[in-house]
Structures are given as structure tokens and as C-alpha cells.
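A.B. asks:
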Ligand SMILES: [Zn+2]
């Protein structure tokens, strides 16, 4: 969920596989990736259709992404704010900057505008808001990042990889209503421009933010809780990271 991003974000540090590093000027060291767990236990982001907090989804899949990337030769990972302390958006970017990360990825799960939500009781009696109007993933980048061209490339690679894993993007952030209206740069793969996302602006390396899916959509929430969907997300991030290593190498030649 993007609306509260001003108040919450995380960072991670990564490395690169030997295969990834070969042929690049990073061959002497790992490719470092910072994985940011969106939100915190205290400011947990959106509430799902079943009454679960976005932070829980973000932490789970960010850990899976980090574990997977750490198994790739030549990749190192910094997982930002794994202990779940309060941290500012700028602080998250600072962690990635201090780690001298080569890539930054902020991991989130999505909501929709309140106008599209209805109210229901969860299984344990709590009140939750839901909507079955929109579902799917989104990828955001900022042209105000220090590496705008590489950030767009990372967002494109990630959007394409998510699609190739069988997931579908959502267009709802492009709707011309307050809180949305983002520039839909690559609609077929879910890539949006969002220049003022603080966490992406602060990072001094190519950066993107992934909304893995819409957790206020009851069916998509259930899917996001399955190992299969989580495996698809992890595989997509791995593919995008490998492709960015190749892209970095080509840029240097
Ligand atoms: Zn969020």
C-alpha cells in the first residue's frame, strides 16, 4: 500500500552469483541487493480482506526473496529492518546507501481506494474492508532517483518477470482519482512512474517498489497466502536481478 509510504519502509543488503558477476566489473565482489520490508509492526500498512496486516505479508515474502537470492553465487543481500523497529522512509534508503547496495527493492502488498471497499466481519469477528474490483501486481520507479534509467530498467525487468511467472498486473493506480493517477508507463507488465516515492528517491542506486498483489481482494489474498504464488514472486525477483546484472555489464562496455 502506497499511501502510508511516507511513514514506513525497510532495507536489505544483497550479493551476486559467480555466474552473475562474471563479465562485470563487480566480478571481484558480490552484487549487493537491499530488500526493504515495507512498513513495521507499529505502522503495518493496509489491512487485508481477512483482517491481516500488510506488514505480515511483506515480511514473509521479503524473507523468502532474501533467502533465495542468498543461495545465488555472487549475490549478497541486506534485508532492511528485519527486527521490525520503527524506521523512516529516508532511514530505509540510508541503510541501502550505507550498505553500498547495487539494487534496491521495496516489497509491499496493495490496497485500493476506500470508495471501492465494502465492510465485512472476519472469521474472528473483527471488521475488515474488502473489494473484489481490482487485483494484480504493480511495479513503481522514480525518475527522481539518482539512477533513473537503471531504475526504469529494473522496474521493466521485474514487471516482465512477474508476468512471465503467470501473474497479472492491475491498472487501478492509473485511475484519475485522488490518491491514484500514476503514469502507467508499461501497462502490459504493470510498470508505473511515481516520482515522489520517498524511499525510492532516497536510495542512491537503481530502485523499484513491488506491490505483490491486492490483499483487500478476498481471492487474491488467499492466493498470496499460498506457497505457489510466493514461489512465483520469488522466481520473478530472481530473474529480474540476474537480468539487471547483465544489463549493468552491457552498460559498462
Ligand atoms: Zn505498503
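Numbering (our numbering), first residue to last: 1116 to 1368.
Cβ coordinates follow ideal geometry from the N, Cα and C atoms, glycine included.
In the DSSP output, which residue or residues are listed as bridge partners for residue 1221?
C.D. replies: Paired residues: 1151, 1324.
A.B. asks: Secondary structure at residue 1309, three-state DSSP: helix, strand or coil?
C.D. replies: Note: residue 1309 maps to coil in three-state DSSP.
A.B. asks: Is there at least one non-hydrogen atom of ligand 1 closer than 7 Å to the beta-carbon of residue 1223?
C.D. replies: The answer is yes for residue 1223.
A.B. asks: Enumerated in chain order, which unbroken segments of the alpha helix (DSSP H) with a length of 4 residues or greater are wholly contained in the stretch 1160-1202?
C.D. replies: The stretch 1160-1202 contains these whole alpha helix (DSSP H) runs: 1169-1185.
A.B. asks: In the structure shown, what three-state DSSP assignment does residue 1214 receive?
C.D. replies: Coil.
A.B. asks: Buried or exposed: residue 1336, going by 16 or more other Cβ atoms within 10 Å of its Cβ?
C.D. replies: Looking at its Cβ environment, which holds 16 or more other Cβ atoms inside 10 Å, residue 1336 is buried.
A.B. asks: Is the Cβ-Cβ distance between residue 1267 and residue 1249 less than 8 Å?
C.D. replies: Not in contact: residue 1267 and residue 1249 (Cβ atoms no closer than 8 Å).
A.B. asks: Between 1212, 1181, 1184, which lies nearest to residue 1322 when the distance is taken from Cα to Cα?
C.D. replies: It is 1212.
A.B. asks: If you draw a straight line from the C-alpha of residue 1325 to the C-alpha of residue 1222, how long is it?
C.D. replies: If I take the Cα positions, the gap works out to 5 Å.
A.B. asks: Quick one: using the 10 Å Cβ neighbour count with 16 as the cut-off for buried, is residue 1314 buried or exposed?
C.D. replies: Looking at its Cβ environment, which holds 16 or more other Cβ atoms inside 10 Å, residue 1314 is buried.
A.B. asks: Can you give, in chain order, each stretch of the beta strand (DSSP E) that sits fully within the stretch 1216-1297 and has at least 3 residues?
C.D. replies: Counting only runs of 3 or more, we get 1218-1225, 1233-1236, 1242-1245, 1253-1256.
A.B. asks: So, at 6 Å on beta carbons, what are the nonlocal neighbours of residue 1350 in its own chain, with the 5 sequence-adjacent residues on each side left out?
C.D. replies: The answer, listed in chain order, is 1280.
A.B. asks: With a cut-off of 8 Å on the beta carbons, I'd call residue 1271 and residue 1234 a contact; round off their distance for me.
C.D. replies: Not a contact, Cβ separation roughly 38 Å.
A.B. asks: Tell me whether residue 1127 is buried or exposed, calling it buried when 16 or more other Cβ atoms sit within 10 Å of its Cβ.
C.D. replies: Bear in mind that a pLDDT of 32 at residue 1127, under 50, signals an unreliable position, so the number given afterwards is only what the model happens to contain. The residue is buried, with at least 16 neighbouring Cβ atoms inside 10 Å.
A.B. asks: Can you tell me which of the three DSSP states residue 1331 falls into?
C.D. replies: Three-state result, residue 1331: coil.
A.B. asks: Label residue 1159 either buried or exposed according to how many other C-beta atoms from any shown protein chain fall within 10 Å of its C-beta, with 16 as the threshold for buried.
C.D. replies: Result: buried.
A.B. asks: Out of 1153, 1164, 1157, 1352, state which residue places its alpha-carbon closest to the alpha-carbon of residue 1240.
C.D. replies: The shortest C-alpha separation from residue 1240 is found at 1164.
A.B. asks: Where residue 1294 and residue 1229 are concerned, what is the direct C-alpha to C-alpha distance, given to the nearest angstrom?
C.D. replies: Residue 1294 and residue 1229: Cα-Cα distance of roughly 10 Å.
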